[in-house]
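There are 2 protein chains.
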Amino acid sequence: MDVRTACLGLLTFGEATGYEIKKAFEDGAFRSFIDASFGSIYPALNKLTEDGHVTCKAMVQDGRPDKKIYSITDAGKSFFKDALQETPQEDKFRSEFLFWMTFSDLMSASRVSGLIDNQIAQYQTKVEELRQLSKTGLQDGEKFVVGFGETIFTATIEYLKTHRHLVEDQFTTEHPLHGGAMAAAE
Amino acid sequence: MDVRTACLGLLTFGEATGYEIKKAFEDGAFRSFIDASFGSIYPALNKLTEDGHVTCKAMVQDGRPDKKIYSITDAGKSFFKDALQETPQEDKFRSEFLFWMTFSDLMSASRVSGLIDNQIAQYQTKVEELRQLSKTGLQDGEKFVVGFGETIFTATIEYLKTHRHLVEDQFTTEHPLHGGAMAAAE
DNA sequence: GCTTCCATGTAATAGGTTACATGATTTG
DNA sequence: CAAATCATGTAACCTATTACATGGAAGC
Chain A
18 MDVRTACLGL LTFGEATGYE IKKAFEDGAF RSFIDASFGS IYPALNKLTE DGHVTCKAMV
78 QDGRPDKKIY SITDAGKSFF KDALQETPQE DKFRSEFLFW MTFSDLMSAS RVSGLIDNQI
138 AQYQTKVEEL RQLSKTGLQD GEKFVVGFGE TIFTATIEYL KTHRHLVEDQ FTTEHPLHGG
198 AMAAAE
Chain B
18 MDVRTACLGL LTFGEATGYE IKKAFEDGAF RSFIDASFGS IYPALNKLTE DGHVTCKAMV
78 QDGRPDKKIY SITDAGKSFF KDALQETPQE DKFRSEFLFW MTFSDLMSAS RVSGLIDNQI
138 AQYQTKVEEL RQLSKTGLQD GEKFVVGFGE TIFTATIEYL KTHRHLVEDQ FTTEHPLHGG
198 AMAAAE
């Protein structure tokens, strides 16, 4: 899905400015599962206007640039509904961290532990943010998405805590005490 | 992380051709968390050779193009170890499906159910593939990564099964039987 | 006084995907 | 007999990110 379609979708919830759309991507229910920068949102909005999928009314403002409020048109709504009938692109989970973990033997033990600590902290922050969000009045679809995030991020934290030894204990394969096969290593 | 660094990392495991690197990205432990196409791998390998991070020996072959076997150099190894000291880019989970779910009220009930069924099926396939992988002899780092995938994808399936009603029951907000507030809707 | 919020936009750049070209051999 | 596997590579294209430009107001 390109930014253009994502913006169009957001506008089915009501009119908004480019700035507000960006904020919705950052703070909305799908915050963890989508992203777009101004550099892609503003051009997308222009293209949507060209295509007649949205209309734009400029609100003159004091010191700032005119606020441009976009509204979806019937044509836009219809176009978006059609888009919803297409097969969605497969989920993508990209993790440099996990790739790094494959090379834990090339890093110091403290480096590996540090990376995992950071990862856990990051996911804890995400979960807390989602918990806050879920306290606000959400529609069912939003509850579904936020709950999804809470669930899998919590599972992620649990996994990291319970399996970190797999990449942290590489230098002490055998138990340091009473290790039967230690003779060879010494 | 760019494709160049990812290729370099793979080559720390041993020499390989571009073709094999692609396969490793597709079938290896991190299969679900990284991807790269030939169009990016081959140029990356050329650049790495230019930079002295890898060396290349061509194996003449019968009908096919010469097989080019790449090996990492000491300089390359050192470069990669340094790369491992940098802060990894944050995990990214992109899901068009979840974004779509926010608009479940713009879709038919059967469309929503179909999307969820597909999603469950996709994750089940992934989990099965990872289970197969985990039966082969894996290093600790690989076990960690594969286990990660198994765990969170399983959690995903569970969540979808137990919470799908949130987006499937939108047309029957009240319980159809003995719904106290049904009078207004009829 | 510094940072964040508001508000839009453009241009350079980077990075990657897709499709194409080539072609034998093996598997179904 | 068709499809997948092996094997490399290029070029066109697309898309998005980053950094920049502008600048007042409000909060810390």
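Going line by line, the protein sequences match chains A and B. Taking our numbering, the leading residue of the first sequence gets 18, the next gets one more, and so forth. Taking our numbering, the leading residue of the second sequence gets 18, the next gets one more, and so forth. Glycine included, every Cβ here is placed at the ideal spot set by N, Cα and C.
Cutoff 8 Å; reference A:Lys85; Cβ partners in own chain excluding five residues on either side: Thr34, Gly35, Leu62, Cys73, Lys74, Ala75, Met76
Helix, strand or coil at A:Ala75 according to DSSP, with G and I counted as helix: strand
Rounded C-alpha distance that separates A:Ser57 from A:Glu107: 22 Å
Three CB pairs or more closer than 8 Å across the region 175-183 of chain A and the region 125-144 of chain A: Two segments are said to touch when three or more pairs of C-beta atoms, one from each, lie closer than 8 Å; by this definition the region 175-183 of chain A touches the region 125-144 of chain A.
Alpha helix (DSSP H) runs contained entirely in the region 38-93 of chain A, provided each spans 4 or more residues: Counting only runs of 4+ residues, the alpha helix (DSSP H) found wholly inside the region 38-93 of chain A occupies 55-67, in chain order.
Same chain only: Cβ atoms within 8 Å of A:Arg204, ignoring 5 sequence neighbours per side: Lying before the first or after the last residue shown, residue 204 of chain A is absent from chain A, which here runs from 18 to 203.
Distance, A:Phe55 Cα to A:Lys39 Cα: Spanning the two alpha carbons is a distance of roughly 7 Å.
Counted within 10 angstroms of its Cβ, other Cβ atoms place B:Thr153 as buried (16 or more) or exposed: exposed
Secondary structure of B:Arg111, DSSP reduced to three states: strand
Classification of A:Leu31 by the beta-carbon crowding that lies within 10 angstroms, buried from 16 upward: Sequence inspection shows Gly at residue 31 of chain A; the Leu mentioned does not correspond to that position. Exposed.
Three-pair Cβ contact test at 8 Å for the region 132-146 of chain A versus the region 156-173 of chain B: no
Cutoff 7 Å; reference B:Asp52; Cβ partners in own chain excluding five residues on either side: Phe42, listed in sequence order.
Distance, A:Lys109 Cα to B:Thr22 Cα: 20 Å
Proximal chain B residues relative to A:Ala172, where beta-carbon distance stays under 7 Å: Thr168, Ile169, Ala172
As assigned by DSSP and simplified to three states, the class of A:Ala200: Caution applies to A:Ala200, whose pLDDT of 41 falls short of 50 and renders its modelled position unreliable; the value that the coordinates give is listed next. Looking at A:Ala200 - three-state DSSP - the assignment turns out to be helix.
Whole-angstrom distance between B:Thr171 and B:Asp19, CA atom to CA atom: Computed Cα separation, rounded: 29 Å.
Inter-residue CB distance, A:Thr119 and B:Val162 (contact presumed, cutoff 8 Å): 6 Å
Contacting positions in the region 53-64 of chain B - beta carbon closer than 7 Å to chain A: none
Beta-carbon proximity check, B:Gly93 vs B:Leu155, cutoff 8 Å: The answer is no: Cβ separation not under 8 Å.
8 Å CB neighbourhood of A:Glu67 in its chain, flanking five on each side removed: Cβ neighbours of A:Glu67 within its own chain (closer than 8 Å, five residues either side excluded): none.
is_contact[A:Leu150, chain B] using C-beta, thresh 8 Å: no
Below-8 Å beta-carbon distance, B:Gly26 vs any chain A residue: yes
Nearest candidate by alpha-carbon position, reference B:Leu177, set B:Asp134, B:Asp91, B:Leu28: B:Asp134
Residue-chain proximity (A:Asp157, chain B), Cβ-Cβ < 8 Å: yes
Partner residues on chain A for B:Leu123, Cβ-Cβ distance less than 8 Å: Thr29, Phe97, Lys98, Leu101
Own chain, CB closer than 7 Å to B:Gln136, minus 5 neighbours either side, in chain order: Phe114, Leu177
Bridge-paired residues (DSSP) for A:Ala33: A:Tyr87
Backbone secondary structure at A:Arg128 - three-state DSSP: helix
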